[in-house]
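According to my numbering, the residues represented by the sequence shown are 385 to 587, in order. Think of the CB as a built atom: it goes at the ideal place given N, C-alpha and C, for glycine as much as any other residue. The structure appears below as structure tokens.
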Amino acid sequence: MSKGGRRVRIFSALEVANICGVVNQTAINWIRNGHLKAFTTPGGQYRIYAKDLAAFLDTRGMSASGEVLQVMMENVNWNAFLIAMEYSANEHLKGEIGRILPDHNIIQAFDWFDIGRKMVEDKPGIVLLDAELHGVDISKFIHTAKNDIIFGKPYISLLVSGHLVEAFSHMQADLVLSKPLELERLEMAVRSLEKPLDRAVNL
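Written out as structure tokens, the structure reads:
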């Protein structure tokens with residue numbers, strides 16, 4: 385996995401030129417004149433991080449293309465684990481999850497406003513969501529989180545009371561776990577994400 389757990393998207397000068405509708409030399413001139421932040425490869429080629437391209441487009445008053453926006457919004461942090469549930473259960477599980485996943489940054493959210501804000505701001509790659517947290521339609525929330533790029537399309541584990549597991553299995557959650565939390569199943573699921581992510585980053 386890349387440093388920080390993020391899938392990093394990098395553009396070439398030619399890709400930037402195509403996105404902006406200019407010739408390659410114009411993009412190179414932007415870089416050389418210090419307008420567009422970039423780095424060079426060992427072979428001397430310019431490369432631009434998506435966040436720097438987005439910042440450049442913003443300062444120039446240019447609307448980001450769909451590709452840039454998609455890349456920026458899908459850049460979830462796979463090392464960030466969000467526990468989304470009420471306070472007492474959240475505090476209890478933070479220690480247990482931190483013990484089995486010590487390499488993950490544990491983020492906590494206690495109500496729906498907090499959950500939405502942290503999913504947008506922190507882009508956690510993995511979310512453990514209490515299905516019985518009242519206030520919104522869980523099914524609609526999961527559908528939105530899995531399909532709206534602003535949330536980064538995280539891996540969602542749904543935590544429900546044992547007798548309700550079947551009722552929630554039709555939702556778009558990646559994993560449905562019964563209460564009390566099945567720590568081994570959760571750990572196996574999270575660890576199974578790492579190899580595909582490593583391959584994707586190294587392609």
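Closest by C-alpha distance to leucine 543, when choosing among Tyr430, Glu470, Glu578, Leu398: Sequence index remark: in the sequence shown, residue 543 carries index 159 (1-based). Leucine 543 has its Cα closest to that of Glu470, out of Tyr430, Glu470, Glu578, Leu398.
Pair within 8 Å by beta-carbon distance, isoleucine 467 and asparagine 461: The sequence position of residue 467 within the sequence shown is 83, counting from 1. The sequence position of residue 461 within the sequence shown is 77, counting from 1. Contact: no.
Beta-carbon proximity list for alanine 515, same chain, < 6 Å, skipping 5 on both sides: Here residue 515 corresponds to residue number 131 of the sequence shown, with the count starting at 1. Residues Ile522, Leu542, Val544, Phe552 of the same chain have their beta carbon placed closer than 6 Å to that of alanine 515, with the five preceding and five following residues left out of the count.
Check whether isoleucine 432 and isoleucine 394 have beta carbons under 8 Å apart: Along the sequence shown, one-based indexing puts residue 432 at 48. Along the sequence shown, one-based indexing puts residue 394 at 10. For isoleucine 432 and isoleucine 394, yes; Cβs fall inside 8 Å.
Bridge-paired residues (DSSP) for asparagine 474: To locate residue 474, count along the sequence shown from 1; it is residue 90. As far as DSSP is concerned, asparagine 474 takes part in no beta bridge.
Residue nearest to glycine 546 in terms of C-alpha spacing, selected from Asn417, Ala438, Ser562: In the sequence shown, residue 546 corresponds to position 162, counting from 1. Closest by alpha carbon: Ser562.
Bounding residues of the beta strand (DSSP E) (the contiguous stretch that carries aspartate 514): Stepping through the sequence shown from its first residue, residue 514 is reached at position 130. Aspartate 514 -> beta strand (DSSP E) spans 508–514.
C-alpha gap between isoleucine 540 and aspartate 442, whole angstroms: As a first step, residue 540 must be located in the sequence shown, where it is residue number 156. As a first step, residue 442 must be located in the sequence shown, where it is residue number 58. Each residue's alpha carbon lies about 32 Å from the other.
Assigned exposure category for valine 406 - 16 Cβ within 10 Å defines buried: Here residue 406 refers to the residue found at position 22 when the sequence shown is read from its first residue. Looking at its Cβ environment, which holds fewer than 16 other Cβ atoms inside 10 Å, valine 406 is exposed.
Own chain residues within Cβ distance below 7 Å of arginine 583, not counting five before or after: The count along the sequence shown starts at 1 and reaches residue 583 at position 199. For arginine 583, the predicted model reports a pLDDT of 40, less than 50, meaning its position is unreliable; a value from the coordinates is still stated below. None.
Neighbourhood of glycine 519 by C-beta, 6 Å cutoff - its chain only, sequence neighbours within 5 removed: Taking the first residue of the sequence shown as 1, we reach residue 519 at position 135. Once the five neighbours on either side are set aside, the close Cβ partners of glycine 519 are Trp496.
The region 497–504 / the region 479–489 touching (three or more Cβ pairs under 8 Å): Not touching, per the Cβ criterion.
Glycine 509 classed as buried or exposed, judged by whether at least 16 other C-beta atoms fall within 10 angstroms: Indexing the sequence shown from 1 puts residue 509 at position 125. Under the 10 Å beta carbon count, glycine 509 is surrounded by 16 or more other beta carbons and is classified as buried.
8 Å contact criterion, which phenylalanine 465 and isoleucine 491 should meet: CB distance rounded: Position 81 of the sequence shown, counted from the start, is the residue given in the question as residue 465. Position 107 of the sequence shown, counted from the start, is the residue given in the question as residue 491. Their Cβ separation, rounded to whole angstroms, is 7 Å, which keeps phenylalanine 465 and isoleucine 491 in contact under 8 Å.
Cβ neighbour criterion (16 or more within 10 Å) applied to valine 574: Here the question's residue 574 lines up with position 190 in the sequence shown. It is buried - the Cβ of valine 574 has at least 16 other Cβ atoms within 10 Å.
Classification of methionine 572 by the beta-carbon crowding that lies within 10 angstroms, buried from 16 upward: Taking the first residue of the sequence shown as 1, we reach residue 572 at position 188. That one is exposed.
Cβ shell of valine 504 (< 7 Å), same chain only, five flanking positions each side left out: In the sequence shown, the residue the question calls residue 504 occupies position 120. Excluding sequence neighbours, valine 504 sits near Ile534, Phe535.
Alpha carbon of histidine 527 to alpha carbon of valine 511, nearest angstrom: Looking up residue 527 in the sequence shown gives position 143. Looking up residue 511 in the sequence shown gives position 127. The C-alpha of histidine 527 lies about 14 Å from the C-alpha of valine 511.
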